[in-house]
Structure formats: C-alpha cells, structure tokens
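One structure is given below, encoded as structure tokens.
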Amino acid sequence: MSSKRMNLGSRDLISGLPDCLICHILSFVSTKEAASTSILAKRWRYLFALTPNLVFDDSVYQNPEMVNQKKYTFPWITKKESKIPRSFVDFVDRVLVLHQNPLLNRFSLKCEDVVHPAIAIGWILKVLDRGVLDLDLHFSTELHCPLPSEMFVSETLVRLKIGVRDVLAIDVKDVFLPNVKTLCLDYVMIKNSDFAKLLSGCKALEELVLNNLFEVRYSCSVSNKTIKKLMVCRSRTFDENHKRVSFDTPNLVYLEYSDTIADKYPKVNLNSLVEASLDLRMTSDQIFKATYEIPAPEEMVGNATNFLMGICNVKILYLSDATLEVLTYCCKPMPEFNNLIHLTIQTDPDVAWKSLPALLKNCPKLETLVFEGLHHRYANCAEEDGCLCKPCEDTTTCLSSSPVKVLKILKFGEIFDDYDIEEQIKQVKHFLETMPNLEQLILYYDTSFDEDVNEVSTQLQRHPRAASSKCKIQVISDNLCLSSTVPSTVTTKWDCLLSGF
C-alpha cells in the first residue's frame, strides 16, 4: 500500500486529466501563459488552442527588461520564424490562426501604443466573425480610426466592454445587439443621439456601466426598459454640472451614481429600485456659496430634489459624506423613505450632519443604521435642532423616535485629532441614551491594541442605558471581540461570527 502511495505521489496528476478539463483550467490564465505550456510535452503542444477564452495584454512588451527575463518559446512557431521576444502582433496573429475551439467565449484585448489601430480592428473583426460572446477592449490611447460598425451589429455578443485610458470616440450607425446583457463604456466619447440609439438597440440589456462618459456632459438620458443594474460614475476631478440628467429605467433594481448634481432632473423613473449607492457632489462654486455666502434656510445652491424624490422607494441606501451636503443645500423638502430598512452613512471631519435629523425622521421603517466613521464638522452644532451629537433634551428628536434596532459603527477609533476617540465614545453613549428600540450596537474598532478594545467595551457596558436597557453591545477588532448585554464576556472573533453575529 505504501509503495502505491509513493508511486501515486510521484506521478504527474495534471497530465492524467482529460483534454477538455486541461483546456478548462487553461481558460483561467492569459493566452500567453496558456501558450507557454505547449513546451511541457507533445500532448500539450496545441491544447491552448482549444480554450474558449483568448486574453491578450501587450503590457509585457512595453518593458524590454521584463521581456528579456521571460524568453517565452513556443514549439508551434518554427525556428526560422522565431524571434525572442516575439512581437505582440505576431503572437496574436498566430494564435487567431491556430485557435481551433468552435466556441469563442471571450476575447479580451488590452493594447498600449505598440499596436496600430488598423491591426487591432482587424482582430476585432475576426473574433466577431467567429461569434464571440464576450468582447472586452481596452486601449491606452485614442484610436485614430473609428471602431468597426460590426461591433454594434452582432447577434452573438452577450457582453461588450469598451474602455480607454484617455478618450475614445465612438460613432454609432446601426445598432442591433439583441443578446447583449452587459454593456460597459469607460472614458468613451459619444454623442447623445448615438448613446440613445445604442441603448435602444440593446433589447436584453440588464447591466449598464458608464464611467466618465464624454460628450454627454451637458445632458444625459439613460432610457431602457430592461436594465436592472446601472452604474454611472464620473471622476471627482470633474467640477461642472450636467444641465439635464434623466433616468427612465422602470425595472432598475440597483443604482450606483457618483457625479456632481445636475441642474435639472426632468424625468426620474426608478419605481422598481431596491438598492442605491449615492455619491452626489456639489461643484466647488456651489460649495463656496453654501459655506461662505450662508444662504437662507429656504434657499438652495443646487437642486437634486426631483432625483432624490425619485429614489424614495429604496430599501437599502448608501450615502457618501458629499451626499449629506447635497441633502443639506440642494434638496427641499427632505424625501420620505417609507420602505428604507438599511441605511449606511459615510462621514468626514469636514462635513456637517445638518441633514441627518430630517433624514432619519423620514425613515419610519429603518432597522439597520451604519456609520462609516463617526466624524463630522462640529461648528454650529448647538444651533442645529436635534443634531445627533447633542445631549438629548427634547424627547421628540429623531433619535428618541427612531425605529432602528441595529446600529453599526465602522472604523470606530479612526483618529483625525487628539480628541477624536473621546468624542466618538461620547457620541456612542448618546445613541445608547436616546434610541429606545436599539437591540444591538456593534463597534468595529480600528485598533491593534486589545487594551483599547477592553477599555471602550467596559465604558459602554457600565454606561446607564436609559433608552434601551436590553441592548447588546459588541466591540470588535481584528484580534478581539467583547460582547455582552450586562456583564462583559471575552470571545474570539470567530466565536462571534459562529454564534450568529
């Protein structure tokens, strides 16, 4: 028996696998790495050509030292043809000739400056003719010739991603993409009319990703009846407002929206929305006006009200710190989120909590409240009616009427000044004193010192809880978890997780 085990241990188990399984394994690595296995044995010589995925990245050819250190050899290239290192263009050309799998599932092409646009377009046309399902293109500089129109007339494409490091212009003529479910445009320049045509030609579209779209900066309309997931993101380096932004996506379930607020939101049709992640921002001019010109309470420096009213049916909501400022200065009145059960708030030392009391009062079904940090600008807090950081003197404040059962504080202990930790502990105690329905308070302590965790836990356990005496408190760090309702008990982090935390 022992000799059999020894023989089994010394065998090449991978070579004993069937070709189809080896090809499946090779499909998870780049085509260059898959092709390199052809030197292992005669049987492996052309196995890479049977993989359903072709993934090319020419970045290695940009660094001559890296290329010289990795002298890839391929037995299917004759000595007469062989040049080390092989040029990226020759390599892709030969692989496309040798590829034998009738199914081309994915073609991913990442090109730097070394590939002439006409050559790259030729490769794209070849894989489109092969009926590729997933086409992922990334170019590091602007192409000097348009992308082939065949890209937008394909019955086989299921996923299409087009991206560029700088800006890539797209000229859309005819669009027929009946099976495309995922469309990603990254740093792409496209006319509004072409963008509308592109969306209307995707009859089965479920996921749309728009990252730094150009030429639609002044007005943008996302209109599609089948989209379920939408991500619209624009870099924080952009400091101007869209004139008009519309969302006509009645079946949208998830929205991620990161941009400066638009001047107007003429149409917001998001009736099926369940979850939203918002990073809405004011421009520098709007921030200056809000900060230094001190507008009257009824005045706004921008207007995102119509958009925020349009998402009021969500159940899960994430708000960045910048969005809190938008709620303060660019939204009147505060929307009522009657279905919201989970709210996450990102905090920042330079952003006030002026909008939070009104927001929490308008969330009658809120069950879980999460703070990413406990930071805010303390200036003028005493002037704010029901500010979350004030001791509770008025029983009608948003906290004393809060339905929240679970309160989570992420990044607790994150320090920006000498008094941060004291203010954070004070804030948590205020929550315990004023939130009557609180059943669980969880602090994720950002510290490597177990003594700090123990000290904070002890302070909170001994603090009188006038509002909710049965609240269970957990203080968790990477190394330790302190959990208790009345007395404090020490458990490992894994014990907490296994016990249902």
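Quick note: the sequence shown, position 364, residue 364 per UniProt numbering, numbers continuous.
All residues carry an ideal CB built from backbone N, CA and C; glycine is no exception.
This one's a predicted model, so the numbers in the text were calculated from it and none came from an experiment.
Does the Cβ-Cβ distance between asparagine 303 and proline 335 come in under 8 Å? no
Tyrosine 187 and arginine 165 look like a contact to me (Cβ under 8 Å); what is the Cβ gap, rounded to whole Å? About 7 Å separates the beta carbon of tyrosine 187 from that of arginine 165, a gap short enough to meet the 8 Å contact definition.
Helix, strand or coil for phenylalanine 337? Go by DSSP, reduced to three states. coil
Burial state of lysine 203 (16 or more Cβ within 10 Å): exposed
According to the Cβ coordinates, are isoleucine 316 and glutamate 256 closer than 8 Å? no
Could you say which of Thr260, Leu128 and Tyr265 lies nearest to aspartate 239 if we only look at CA atoms? When only C-alpha atoms are compared, the closest one is Thr260.
Assigned secondary structure, serine 320 (DSSP; H/G/I helix, E/B strand, else coil): In this structure, serine 320 counts as coil in the three-state DSSP scheme.
I want to know whether the region 145-156 touches the region 90-100 - three or more CB-CB distances under 8 Å. Segments in contact, no.
Residue range of the beta strand (DSSP E) that glutamine 100 falls in? It is not in any beta strand (DSSP E) - glutamine 100 carries neither H nor E in the DSSP assignment.
Between leucine 280 and proline 357, what straight-line distance do the alpha-carbon atoms span, to the nearest angstrom? 19 Å
Evaluate serine 477 with the Cβ neighbour count: other Cβ atoms within 10 Å of its Cβ, from every protein chain shown; 16 or more gives buried, anything less gives exposed. buried
Check this for me: beta carbons of aspartate 321 and glutamine 346, under 8 Å apart or not? yes
Alpha carbon to alpha carbon, how far is arginine 465 from cysteine 481? Give it in angstroms, no decimals. 21 Å
Between glutamate 439 and lysine 408, which are expected to be in contact by the criterion C-beta below 8 Å, what is the C-beta distance as a whole number of angstroms? Actually they are not in contact, since the Cβ atoms of glutamate 439 and lysine 408 sit about 12 Å apart, beyond 8 Å.
For glycine 122, which of helix, strand or coil comes out of DSSP? helix
Can you give me the C-alpha to C-alpha distance between threonine 283 and valine 222, rounded to a whole angstrom? Approximately 22 Å between the Cα atoms of the pair.
On the CB-based measure, 16 or more other CB atoms within 10 Å of its CB, does arginine 234 come out buried or exposed? Classification of arginine 234: buried, given that the 10 Å Cβ count is 16 or more.
Just list the beta strand (DSSP E) runs in the region 134-186, keeping only unbroken ones of 3 residues or longer that don't cross its boundaries, in chain order. Those beta strand (DSSP E) runs which fall completely within the region 134-186 and span 3+ residues are 134-139 and 159-169.
Based on DSSP bridge pairs, tell me the residues matched to glutamate 256. DSSP lists Met231 and Ser277 as partners of glutamate 256.
How many angstroms separate the CA atom of leucine 98 from the CA atom of histidine 242? 49 Å
Going by beta carbon distance, what residues of the same chain come within less than 6 Å of phenylalanine 416, once the five residues before and after it are set aside? Pro349
DSSP three-state assignment for glutamine 69, whether helix, strand or coil: Residue placement at glutamine 69 cannot be trusted, given a pLDDT of 43 that sits under 50; what the coordinates show is reported in the next sentence. In the structure shown, glutamine 69 sits in a helix (DSSP, three-state: H, G or I).
Three-state secondary structure assigned by DSSP to methionine 189: strand
Mapping DSSP to helix, strand and coil, what is leucine 407? strand
Taking Cβ positions, are valine 370 and leucine 410 nearer each other than 8 Å? yes
Assuming methionine 189 and phenylalanine 214 form a contact by the criterion Cβ under 8 Å, report the distance between their Cβ atoms to the nearest whole angstrom. 4 Å
Considering only DSSP beta bridges, list what residue 502 is partnered with. Only positions 1 to 501 of the chain appear in this structure, which leaves residue 502 out of reach.
Just list the residues that DSSP pairs cysteine 331 with in beta bridges. DSSP output for cysteine 331 lists no bridge partner at all.
Compare the C-beta of valine 326 against all C-beta atoms of chain C and say whether one is closer than 8 Å. The structure shown contains no chain C; it is built from a single protein chain.
What residue does the alpha helix (DSSP H) around serine 284 start on, and which one ends it? 284-292
Euclidean distance between Cα positions of glycine 413 and isoleucine 473: If you take the alpha carbons of glycine 413 and isoleucine 473, they lie about 16 Å apart.
Lysine 354 burial status per 10 Å Cβ neighbour count (16 or more: buried): buried
Of the residues His375, Leu308, His376 and Leu374, which one's Cα is nearest the Cα of leucine 359? It is Leu308.
Keeping to the same chain, check which residues put their C-beta closer than 6 Å to that of leucine 278; ignore five residues upstream and five downstream. Taken in chain order, the residues that qualify are Tyr257, Leu319 and Thr323.
Using a Cβ-Cβ cut-off of 6 Å (strictly less than) and excluding sequence neighbours within five positions of valine 245, which residues of its own chain qualify? Cys220, Ala262 and Tyr265
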